[in-house]
Amino acid sequence: MATLKQVALRAGCSSATASRVLNLSGPVSQATALRVRRAAAEIGYGFGAPFTRNTRRPVIGVLVPSVTNPVFASSLSGIQNRMLAAGHSVLIAQSNYDPDQEAHAVASLLGERPTGLILTVCDGGTSLAAQRDLPPTVLLGSSPSERFPAAVTVNNYKAGHRLTEFLLSRGHSRILYVSGNFAASDRALLRYHGYRKAMEEAGVAPLPAIETSFVSGYDQLDLARALQAHRPTAIIGSNDLIALSVIGAVRREGLSVPGDVSVAGFDGIAIGKLIDPPLTTIEMPDAIMGTTAASLLLDIAENNAPRRHLELSYVLREGGTVRTLEQGENAATLRRGGSHYHS
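In this note's numbering, the protein residues as written are 26 to 368.
So this is what it looks like as structure tokens:
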């Protein structure tokens, strides 16, 4: 069985220094930490036996808000494939979009002494995980911060701006934004800020956002009051799952999509292509983001590469859930089927 002393000898440092690195219990230079992690991985320290092809690999910890959301499932697949090629195992935890659960989940991952972490947090600037001593860490999807400078993202602000511009160009001016709780996702909040900016640039007053749960109630979303109060001709969901729940809520009110209300979302999940009509969405490179985050983490952990922010591109995918309004058409003169809007 590999021992701490063997790790220290291989890394060329004292046992106390090796212990500080592996237990995240004190300050150590990046170069020394890199040598210790490499030594531990090479001899299999912490895995019960010297490291060989037949024993467990070094571990990377991954935190996502939900393992059932297709977005994160796709990213996880990219991470796992990249780490498998590099000889690393992957431990997965989920936060359920809860900052407190997020901190506990990170603590659990650290208990496995991972060589690095990939985290999708509620907010990179306020995450409680930042209060801990962490191994090399890369944020996935979440905006980088002073504590977490390494990140792989898309520009969610510009994506929100782009989707809103698209709806405005189709004649919509009463555009409602329905989102999961902003405190649970800086991605959703940035998209909303982009929406507000595009509306203001067009000289149109943005509507207040409707916040709901990211975790449950997708099939029970009630928009009756919001539809009556705001009479939107278009609704943006902060992700595709919420956009799909918006479609269900609109139809339960006796309205059609896109005949009475147009709907669009973000992510580009496969189910959005299967509904009739297909969902209009901003398609995100989820699997590529996962692979890129894994590669960046390996570069930092194994080569002492600088921590950097990589921004990937998105694509607007026009589906059938958005229609072009005729000139002069508004929420008070929607086609027959939108009688709920009429006073």
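Note that the Cβ used here is the ideal one computed from N, Cα and C, for glycine as well. Given the structure is predicted, the values throughout are model-derived calculations rather than measurements.
**OP:** Output yes or no for whether 8 Å exceeds the beta carbon distance between A342 and T306.
**Re:** For the sequence presented, residue 342 should be read as Arg rather than Ala. Yes, they are a contact pair.
**OP:** Could you tell me the boundaries of the beta strand (DSSP E) in which V288 lies?
**Re:** 287-292
**OP:** From the DSSP output, in three-state form, read off V32 for me.
**Re:** helix
Subject >> Endpoints, beta strand (DSSP E) assigned at Y24 >> reply: Outside the displayed range of the chain (26 to 368) lies residue 24, so it cannot be described from this structure.
Subject >> Neighbourhood of S170 by C-beta, 6 Å cutoff - its chain only, sequence neighbours within 5 removed >> reply: G149, G150
**OP:** Report yes if the C-beta distance between G372 and T145 is below 8 Å; otherwise report no.
**Re:** Not covered by the structure: residue 372. The range shown for the chain is 26 to 368.
Original post:
So the alpha helix (DSSP H) E308 belongs to, where does it begin and stop?
Top reply: Element bounds for E308: not the alpha helix (DSSP H) but the beta strand (DSSP E), 305-308.
**OP:** Would you check if the distance between the CB atom of R62 and the CB atom of A259 is smaller than 8 Å?
**Re:** no
**OP:** Helix, strand or coil for G141, going by three-state DSSP, please let me know.
**Re:** strand
Subject >> Short CB-CB distance (under 8 Å) between R60 and chain C >> reply: The structure shown contains no chain C; it holds only a single protein chain.
**OP:** Count the other C-beta atoms from every protein chain shown that fall within 10 angstroms of the C-beta of F76, then say buried if there are 16 or more, exposed otherwise.
**Re:** Only weak support exists for where F76 lies, its pLDDT of 39 falling under 50; the value from the coordinates is given anyway. Result: buried.
Original post:
Going along the chain, which unbroken runs of the alpha helix (DSSP H) with 4 or more residues stay wholly within the segment 102-187?
Top reply: 124-135
Original post:
In this structure, does DSSP put F76 in helix, strand or coil?
Top reply: Confidence in F76 is poor, its pLDDT being 39 and thus under 50, which makes the residue's placement unreliable; the coordinate value appears in the next sentence. Correct three-state label for F76: coil.
Subject >> C-beta contact flag for V163 and V177 at 8 Å >> reply: yes
Original post:
Which two residues bound the contiguous alpha helix (DSSP H) that contains H197?
Top reply: Counting along the chain, H197 falls outside any alpha helix (DSSP H), and DSSP gives it neither H nor E.
**OP:** With DSSP as the reference, please indicate the residues paired to G262 in a beta bridge.
**Re:** V203
Original post:
With a Cβ-Cβ cutoff of 8 Å, do R216 and S263 count as a contact?
Top reply: yes
Subject >> Rounded C-alpha distance that separates N206 from V53 >> reply: 38 Å
**OP:** Report all residues from its chain with a CB closer than 7 Å to the CB of Y243; omit the five preceding and five following residues, and keep chain order.
**Re:** L266, S270
**OP:** Report buried or exposed for A295, applying the criterion of at least 16 other Cβ atoms within 10 angstroms of its Cβ.
**Re:** exposed
Subject >> Inter-residue spacing [alpha-carbon to alpha-carbon] between T42 and I85 >> reply: 21 Å
Subject >> Closest Cα partner of L337 within the set R212, L321, M309 >> reply: M309
Subject >> Proximity to N329 [Cα-Cα], best of A36, L59, S40, S44 >> reply: L59
Subject >> Identity of the residue in A274, V275, C147, L193 nearest A128 by Cα >> reply: C147
Subject >> Rounded Cβ spacing between S238 and D211 (contact assumed at less than 8 Å) >> reply: Rounded, the Cβ-Cβ distance is 17 Å, inconsistent with contact.
**OP:** Mark P161 as exposed unless 16 or more other C-beta atoms lie within 10 angstroms of its C-beta, in which case mark it buried.
**Re:** buried
Original post:
What do you get for R277, buried or exposed, if any count of 16 or more other CB atoms within 10 angstroms of its CB means buried?
Top reply: exposed
Subject >> Close-in-space but distant-in-sequence residues of the same chain around G273 (CB under 6 Å, 5 per side omitted) >> reply: none
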